[in-house]
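There are 2 protein chains.
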Amino acid sequence: MRCVIVDTSRSPFAKLRPVPLNSVKLRDEFWAPRIKQLREVTLPSQYDILEDTGRLGNFRVAATGEGEIRWRIADDSDVYKWLEAASLTLGYEPDERLEELVSSVVRDIAAAQDEDGYLFTLYYNRREERWRDLERMHELYCAGHLFQAAVAHRRATGSGELLRVAVRLADHIASVFGPGKREGAPGHPEIEMALVELYRETGRREYVELSRFFIDCRGRGLVGGSECLIDHKPFRELDGITGHAVRALYLNCGATDLYMETGDKSLLETLERLWRSMARRRMYVTGGVGSRHVCESFGDDYELPNVRAYAETCAAVANVMWNWRMLLALGEARFADVMELAMYNGALSGISLDGRRYFYCNPLADRGRSRRQPWFSCACCPTNIVRMLASVPGYMYSTSGDGLWVHLYAESEAAIDVAGREVRVAQRTRYPWDGDVELTLELEGSLEFSLFVRIPGWCDGAEVLVNGREVEAEAAPGSYFELRRVWRSGDRVEIRLPMTVRLVVSHPHVLCNACRAAITRGPMVYCLEHVDNPEFDVWDVALLSDEPLEAEYVPGLLGGVVVVRGWGVVMDGEAWGDSLYLPLSRAPKAARRVRVTAIPYYAWANREPGPMITWVVLARSGLLR
Amino acid sequence: MRCVIVDTSRSPFAKLRPVPLNSVKLRDEFWAPRIKQLREVTLPSQYDILEDTGRLGNFRVAATGEGEIRWRIADDSDVYKWLEAASLTLGYEPDERLEELVSSVVRDIAAAQDEDGYLFTLYYNRREERWRDLERMHELYCAGHLFQAAVAHRRATGSGELLRVAVRLADHIASVFGPGKREGAPGHPEIEMALVELYRETGRREYVELSRFFIDCRGRGLVGGSECLIDHKPFRELDGITGHAVRALYLNCGATDLYMETGDKSLLETLERLWRSMARRRMYVTGGVGSRHVCESFGDDYELPNVRAYAETCAAVANVMWNWRMLLALGEARFADVMELAMYNGALSGISLDGRRYFYCNPLADRGRSRRQPWFSCACCPTNIVRMLASVPGYMYSTSGDGLWVHLYAESEAAIDVAGREVRVAQRTRYPWDGDVELTLELEGSLEFSLFVRIPGWCDGAEVLVNGREVEAEAAPGSYFELRRVWRSGDRVEIRLPMTVRLVVSHPHVLCNACRAAITRGPMVYCLEHVDNPEFDVWDVALLSDEPLEAEYVPGLLGGVVVVRGWGVVMDGEAWGDSLYLPLSRAPKAARRVRVTAIPYYAWANREPGPMITWVVLARSGLLR
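Line by line, the protein sequences are chains A and B.
Residue 348 in the working numbering sits at position 315 of the first sequence, and the numbers go up by one each step.
Residue 292 in the working numbering sits at position 259 of the second sequence, and the numbers go up by one each step.
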């Protein structure tokens with residue numbers, strides 16, 4: 034089984050090929066316990082909710098005609114996304130109980146399919162409604178999620194049972210839509226990337242053409258013409274990332290997949306433009322995206338409000354998905370940087386430490402009212418974050434004609450096919466809490482290839498050593514450091530990524546972050562939460578950035594995290610009393626010196642509610658030379 | 034004719050009584066030309082649009098049954114609001130052409146009324162739709178605006194023609210709604226205040242009861258139960274101002290009017306709570322309110338985004354209306370402060386200097402894309418700002434049992450009934466550009482009364498002189514300074530309100546305004562616009578607040594304004610290049626020293642488009658002692 038996340042093994046325009054997640058064994062204290070929890074707690078508990086809310090029952094209703102469909106929005110997709118995550122989890126490590134749940138869900142889905150291949154439980158007995166409202170109904174979207182689940186299920190289990198269902202549905206869709214047939218585009222993109230993956234798994238080239246067709250149909254007003262649905266312009270004419278964030282990023286995933294199969298340069302140019310628009314002007318420091326509540330959409334350049342951040346968990350997950358595809362396509366470290374950033378911060382904040390509650394929005398400042406919820410009526414986020422968690426081992430490595438690429442760092446072992454030879458890689462590291470990484474290679478005999486080790490964009494002063502000897506070339510931040518040599522068993526690569534605490538500031542046009550800094554260390558963004566700073570209101574503190582910021586690993590805290598401690602002054606919000614505005618001359622000044630403790634952003638809101646802030650005012654703003 | 038704005042002359046629980054706007058003649062360079070433009074340009078041009086868009090035609094369709102209703106949303110109310118403004122304008126100064134337009138509109142409205150009194154053109158021939166959807170349809174809202182127009186028309190012209198239409202409609206509504214009849218509340222409040230005014234004009238007490246009924250019906254889920262429509266709780270249980278800003282403020286106007294007639298303390302307590310919630314935690318420095326695009330609503334405490342401010346023109350006008358009522362009820366200067374602030378800033382920005390274009394949203398920072406529009410499909414704002422402009426002369430003075438109150442300053446003459454005697458007041462001043470005001474009183478013989486002169490909240494160091502001699506008592510900011518004496522003709526009161534340029538800062542919990550200041554002078558809030566600062570991007574400048582800020586009247590600029598000039602440093606946004614986030618140590622520092630010019634906020638976006646900002650970064654943030 035080659036349980037990969039996006040199979041570019043034979044994609045002519047992809048630079049990198051994925052490494053199956055079942056080739057990797059995580060032994061670390063960060064991801065490994067999360068994947069265990071996923072298997073033992075989160076996926077089983079989500080299964081129960083899918084059952085309790087009727088989402089699974091809908092398939093049985095559709096199969097038997099007995100009972101009523103209980104529908105909110107896109108409910109079938111929640112089942113499919115759960116199934117994709119569960120399949121990947123099984124692909125990583127067998128689990129008898131989860132296997133049974135997966136098998137039963139697959140059977141329910143298969144039984145619900147119509148004779149002509151149609152499958153969307155809401156319309157199982159309402160034939161006249163089918164494909165009528167592409168703008169608002171999520172038929173194509175759900176189909177896409179089924180395809181992704183089916184591909185994951187096949188890759189994880191070897192069974193073609195769900196893949197056959199997917200192919201029948203895809204063929205049905207291809208009989209309805211396409212050149213000379215019905216024109217249309219999905220209101221919610223998703224099927225575009227799924228069709229390409231379905232091609233990769235089945236070899237049916239027509240699915241690539243159908244994906245292209247759906248992308249090319251956009252911008253012609255076929256789904257209402259709104260910017261929210263990215264139907265206001267043809268895809269290739271988009272000049273900035275806009276509209277509903279999840280839709281936009283899923284669409285980009287599809288276009289990237291399509292590029293990797295077709296080499297269509299106009300797609301790549303558009304994707305580059307959209308990536309710059311997002312990563313350089315419209316992305317939170319956490320990797321979260323989609324700043325507006327209105328339409329859950331991207332905002333204008335530099336529009337990144339903190340309290341009212343929408344930053345949907347799904348959008349951060351989609352950001353990981355898109356950057357993974359861009360990384361596979363182009364092999365550039367900037368994509369891995371965004372991917373890692375979103376994984377550790379804006380996406381991971383979407384799930385509680387106990388694995389049972391979820392954020393839909395991920396604000397960067399809060400008064401203590403945002404709390405993770407067990408479920409949502411529109412339940413896209415819970416079943417999306419589990420897809421990401423289950424994918425982590427599959428994101429660690431890639432290969433290329435030149436050799437082996439290391440994208441993510443975590444204590445682990447892997448057995449990777451490099452040019453037809455198995456290379457075993459042992460990672461020894463305490464990443465993400467410490468930046469020292471040791472890779473030990475084992476292989477039969479010797480093999481010349483390049484080892485591309487990622488130097489994260491946040492890392493100044495990285496050093497790389499081979500067998501204890503420093504390599505002279507500069508390990509530039511935000512690059513892959515290429516080590517080409519004849520490798521032999523026992524060869525040891527040390528990567529030293531200094532994890533200093535860094536204060537990060539925003540472009541001045543992010544008006545709400547003026548004179549503020551985010552505390553970061555390694556891939557982690559930090560925040561101040563009231564429970565660690567009970568002596569003052571964290572919204573009132575200004576950081577004394579000239580004084581030392583110290584990092585300390587605290588084993589008992591939040592599952593074990595590195596906290597950052599520094600000094601601040603309290604601006605005394607209470608001294609303002611009832612005033613909203615005061616003349617500068619009469620405004621209370623900062624008075625009290627306090628110790629400040631910051632925790633990783635992803636871990637906030639797991640204890641007592643209280644104020645939280647990510648962008649902290651700098652007591653001396655440092656604006657002037 | 035006593036053309037007053039809210040007639041509390043006989044309201045038992047009102048502290049103040051209004052002075053008719055036709056008792057005042059403005060001779061100033063600020064308001065007088067605007068009222069002239071209103072009469073000569075804005076109202077005639079709006080009439081043409083009301084005709085061209087079918088809003089007036091709808092009444093003729095309803096009257097004759099010929100043709101089709103052309104309806105968007107609440108269209109009848111646009112006609113009524115125009116008519117109210119036009120009536121007040123006629124009440125202030127006759128104008129033959131406008132009079133003809135008004136008469137013709139009144140005739141059209143009267144002819145459209147159904148035999149049973151019902152009047153809402155959309156449903157003129159759809160009896161079964163009437164009063165069915167109180168949540169979304171605006172029947173009661175439109176009725177309220179008709180009542181206000183009818184009252185204004187009667188007060189301005191003496192004609193009872195439209196008032197009779199209003200009474201028939203009110204009686205029809207009273208036959209449908211009320212205790213023991215149909216329960217319900219308007220989705221969009223408005224009728225509550227209008228019914229009380231209709232009582233004041235007709236003496237029909239049942240209208241007060243109907244107003245109370247509608248207020249008491251709120252919060253019972255009769256119009257959907259949403260917070261947006263302020264139907265989530267009973268009015269008296271509201272603990273903060275919330276929901277759709279215009280709806281919330283219109284509701285508060287109605288509750289204030291009801292309090293003034295009934296003395297219901299539970300209403301006043303609620304209103305006090307809501308006022309503090311708004312003025313102390315949820316109001317822009319411009320007096321604009323309603324910070325969220327979602328539902329055009331108030332946000333949380335201190336949630337006051339600048340670029341994405343909703344700050345609807347209608348909401349600022351409603352803020353003026355509510356504070357006028359609170360001022361009449363309680364006679365406290367804090368209400369006049371908010372009223373004046375919103376009038377000169379957040380509301381006045383809603384109309385262009387040429388009187389032909391309007392803002393719906395009034396952002397406090399912009400990249401040059403917000404431009405005033407000639408009209409909107411939901412055209413509430415254009416016809417609301419004209420109501421406010423037409424009301425200005427009626428907001429200047431009030432009387433009470435004690436004497437005469439001066440709320441607003443502008444070069445003018447007035448003849449006011451004080452305790453049954455005519456007192457003529459001449460104001461000599463260049464307000465709002467200069468804070469020196471001279472009041473000269475003329476009256477037959479002598480009369481003992483108190484003259485209450487308003488010391489604005491923004492004014493430190495005010496002095497008051499009577500006949501050239503300084504009055505010893507402290508003229509505290511945000512108070513009425515009481516001068517009690519036997520007044521004689523020729524008595525002269527000088528009020529010296531020092532108009533220094535003031536930098537105003539926000540409560541630290543307004544996160545987006547950290548280290549920023551608004552430039553203010555007198556009642557005016559200033560902003561930086563690109564056209565006055567072409568050498569740099571105004572979003573990139575930091576103000577050197579230690580250096581002098583100089584005010585200068587520039588006659589040719591923007592109709593004649595005082596500009597404020599100071600010094601700043603440019604933070605060099607361009608040096609950031611393509612970076613969104615940078616380590617503090619590598620972020621470009623401010624380099625170039627520049628001259629900075631600020632203009633009054635209300636006047637922005639009347640020249641070439643470009644960046645604008647109201648809250649300017651302070652180069653030295655002044656956080657520390």
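All residues carry an ideal CB built from backbone N, CA and C; glycine is no exception.
Computed from a predicted structure; not experimentally measured.
| query | result |
| --- | --- |
| Asparagine 395/A and valine 371/A closer than 8 Å at C-beta | no |
| Backbone CA spacing between tyrosine 442/A and phenylalanine 247/A [nearest angstrom] | 37 Å |
| Under 9 Å from the C-beta of alanine 398/B: neighbouring residues of chain A | Leu544 |
| Test item: CB-CB of leucine 472/B and valine 456/B under 8 Å | no |
| N-terminal and C-terminal residue of the alpha helix (DSSP H) that isoleucine 224/A is part of | 224-235 |
| Any C-beta of chain A under 8 Å from that of tyrosine 614/B | yes |
| Cβ of asparagine 339/B within 8 Å of any chain A Cβ | yes |
| Residues near alanine 369/A by beta carbon distance below 6 Å, same chain, minus five either side | Leu360, His440, Arg487 |
| Proximity below 8 Å, CB of threonine 416/A to CB of alanine 176/A | no |
| Sequence-distant residues of its chain with Cβ nearer than 7 Å to glutamate 132/B (five each side left out) | Leu123 |
| Neighbour-count burial assignment, lysine 114/B, 16 or more Cβ in a 10 Å radius | buried |
| Cβ pair count under 8 Å reaching 3, the segment 570-588 of chain B against the segment 493-504 of chain A | no |
| Bridge partner(s) assigned by DSSP for glutamine 460/A | Ser445/A, Leu472/A |
| Cα-Cα separation between glutamate 481/A and alanine 47/A, rounded to whole angstroms | 22 Å |
| Positions along the segment 534-565 of chain A whose CB lies within less than 9 Å of some CB in chain B | Arg535, Leu536, Val537, Val538, Ser539, His540, Pro541, His542, Val543, Leu544, Cys545, Asn546, Ala547, Cys548, Arg549, Ala550, Ala551, Thr553 |
| The beta strand (DSSP E) enclosing proline 633/A, as first and last residue numbers | 625-633 |
| Test: histidine 326/B CB closer than 8 Å to a CB of chain A | yes |
| Helix, strand or coil at tyrosine 586/B according to DSSP, with G and I counted as helix | strand |
| Exposed unless 16 or more other CB atoms sit within 10 angstroms - verdict on arginine 188/A | buried |
| Beta-carbon gap between alanine 652/B and glycine 601/B smaller than 8 Å | yes |
| Interface flag, valine 350/B vs chain A, CB-CB below 8 Å | no |
| Euclidean distance between Cα positions of glycine 592/A and arginine 72/A | 18 Å |
| Contact under 8 Å by Cβ, valine 318/A with valine 558/A | yes |
| Bridge-paired residues (DSSP) for glycine 601/B | Leu576/B, Val627/B |
| Short CB-CB distance (under 8 Å) between leucine 363/A and chain B | no |
| Range of the contiguous beta strand (DSSP E) that encloses lysine 58/A | 57-59 |
| Where leucine 665/B meets chain A, residues with beta-carbon distance less than 9 Å | Look at the range of chain B in this structure, 34 to 658, and you will see that residue 665/B is not part of it. |
| First and last residue of the uninterrupted alpha helix (DSSP H) at threonine 97/B | 88-97 |
| Spatial neighbours of aspartate 111/A in its chain, beta-carbon cut-off 6 Å, leaving aside the 5 residues before and after | Arg88, Ala412, Thr416 |
| Nearest residue (CA-CA) to tyrosine 232/B, options Thr41/B, Ala508/B, Pro510/B | Thr41/B |
| Short CB-CB distance (under 8 Å) between aspartate 297/A and chain B | no |
| Neighbouring residues, chain B, relative to tryptophan 637/A (Cβ below 7 Å) | Going along chain B, no residue has its Cβ under 7 Å from tryptophan 637/A, so there is no contact; the nearest lies around 16 Å. |
| DSSP state of serine 44/A mapped onto helix, strand, coil | coil |
| Closer than 8 Å at the beta carbon, the chain A residues around tryptophan 609/B | His540, Pro541 |
| Neighbouring residues, chain B, relative to glutamate 336/A (Cβ below 8 Å) | Val340, Arg341 |
| Proximal residues of chain B, C-beta to C-beta of valine 209/A below 8 Å | Going along chain B, no residue has its Cβ under 8 Å from valine 209/A, so there is no contact; the nearest lies around 36 Å. |
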